[in-house]
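Written out below as C-alpha cells is the structure these notes cover.
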Amino acid sequence: MTLFWRIFLLNAAVLLAATALLLLGPVTVSTPVLLTEALILFCGLVAMLVANAALLRLGLAPLERLTRAMTTTDLLRPGPRPAVSGHREIAALISTYNTMLDRLEAERAASSARALSAQEAERRRIAQELHDEVGQTLTAVLLETTRVADRAPGPLREDLLRAREATRDSLDEIRRIARRLRPGVLEELGLTSALKALTSEFSMGGGPVVRHRLDPGLPPLGPEAELVLYRVAQEGLTNVMRHAAAERADVVLGSVPGGVELLIRDDGRGLVDAAEGAGLRGMRERALLIGAEVAVGPGPEGRGTEVRLYVPLVGGAGGEAADGAGGGTVDGGERA
173 MTLFWRIFLL NAAVLLAATA LLLLGPVTVS TPVLLTEALI LFCGLVAMLV
223 ANAALLRLGL APLERLTRAM TTTDLLRPGP RPAVSGHREI AALISTYNTM
273 LDRLEAERAA SSARALSAQE AERRRIAQEL HDEVGQTLTA VLLETTRVAD
323 RAPGPLREDL LRAREATRDS LDEIRRIARR LRPGVLEELG LTSALKALTS
373 EFSMGGGPVV RHRLDPGLPP LGPEAELVLY RVAQEGLTNV MRHAAAERAD
423 VVLGSVPGGV ELLIRDDGRG LVDAAEGAGL RGMRERALLI GAEVAVGPGP
473 EGRGTEVRLY VPLVGGAGGE AADGAGGGTV DGGERA
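One rule links them: number in this note's numbering = place in the sequence shown (from 1) + 172.
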C-alpha cells in the first residue's frame, strides 16, 4: 500500500469514528437522529474526505515523481532531473537525489574513461607485439619455406608450397587483427580514410556487402571524437556480421545541424528481444565520454537495425565535448 493510501485511510478511520460517536453517542444534535441531520453529517464527512485526499495527493505528488525517476534512471542514458518541489523535507530529498545522481554519473564517466583508456593501451600493445613478434616470425618462416621449396624434390615441394600458403594466410590474418586493434590509418590519414578502409575490410570478409557514404566536408573533430566514431562504426559492423544475417549494410557519416552523425544500417532480421549486450553498452559509454548520444532502433519500414551516433560540436570541435561529459579520455573498449 502506498504512503498516500496509508495516510488517507488513517485519516478516514479517524473521521469515521468521530462521525459514529456523534451519531450514536449520548451527545448529538437530536435524539433520535433526524434524517436531515444524518444527511448533513454524511455530506460533511464526504467533503472532509475529498478535501483530505486532494491535499494529500498534492503534497505527495513530488514523492511520486521522484519514485518514477528512481525506477527509470539509467546512467548510460542521462535524462532530465526531477523538479525540486514540495514542502521543505520533500524538496530537500529531491535535491539530494539530484546531487547524488550528478555525482554517480561523473564518477561512472571517469571510471569508464580510465577503463577504456587502459583497454586501448592494451590494444596498442597487443597489436605492436603481433606486428613485431608474431608477424616477423611468420615472415621469416615464409621466406625460409620458400627457399627450401625451391630446392626440394617434387612431392616434398608441393607440401612445402601448401605450408607456405598457409603461413601467408596466417600472416595476413595477423596483420588484419593488428589493424583492427590499432587503427593506424585513423591516426595517419584521418577518419574518412579509416572508415573507407574499415568498410572495405568488412566487405571482403565474406559477409554482407558494406557500402559507405562519407561527407568529405566534415567540420574539424578532435582525436577523441574521431576515435569514438571509428570504434562505434567498427562495433556496429561487427554486430551486423555476427548477428544480423543481413545482405547489405550502409555506413553514412555526415554533418547535421550542431554536430556530426554516424549511421550504421542493415537489412537483416532486426532487433530481437534479447537484453542489450556488452557491445551496445560499450557504444553508449564511449559516446557519453564526449557528450554524444547513441540511438538504436529498427530500420526503415521496420526492417533491419539502425545505430545512430550524434556527436555535438562544442567550441567548434567535436572532441571538446569530453570535458563536460566526465573529464576522461576516450581510448577504446570491448567489442560485442
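Note that CB positions come from ideal geometry on N, CA and C, so glycine has one too.
Does the separation of the CB atoms of V382 and L409 fall below 8 Å? yes
So, is G488 buried or exposed, given that buried needs 16 or more other C-beta atoms within 10 angstroms? Residue confidence is low: G488 scores 43 on pLDDT, short of 50, so the model does not pin down where it sits. Its coordinate-derived value is still stated next. So G488 counts as exposed.
Nearest by alpha-carbon distance to L245: which of M272, N183, E478 is it? In the sequence as displayed, the identity of residue 245 is Thr instead of Leu. It is M272.
Closest by C-alpha distance to F180, when choosing among L230, E305, L211: L230
Taking three-plus beta-carbon pairs below 8 Å as touching, is the region 295-311 in contact with the region 339-355? yes
With DSSP as the reference, label P327 as helix, strand or coil. helix
Give the DSSP bridge partners of S427, in chain order. V432
Once DSSP output is grouped into helix, strand and coil, what is the label at E301? helix
Output yes or no for whether 8 Å exceeds the beta carbon distance between R437 and G476. yes
Could you check the C-alpha separation between T208 and F214 for me, to the nearest Å? 10 Å
Should the region 411-429 be called in touch with the region 457-467, which here means at least 3 C-beta pairs below 8 Å? no
In this structure, does DSSP put G251 in helix, strand or coil? coil
Excluding sequence positions up to five away, which residues of its chain have a Cβ less than 6 Å from the Cβ of T371? V382, H384, V423
Three-state secondary structure (DSSP) of C215: helix
Looking at C-alpha atoms only, which residue of R240, E305, V468 is the closest neighbour of E407? V468
Quick one: complete beta strand (DSSP E) runs, 3+ long, within the region 372-426? 381-386
Are there 16 or more other CB atoms within 10 angstroms of the CB of L425, so buried, or fewer, so exposed? buried
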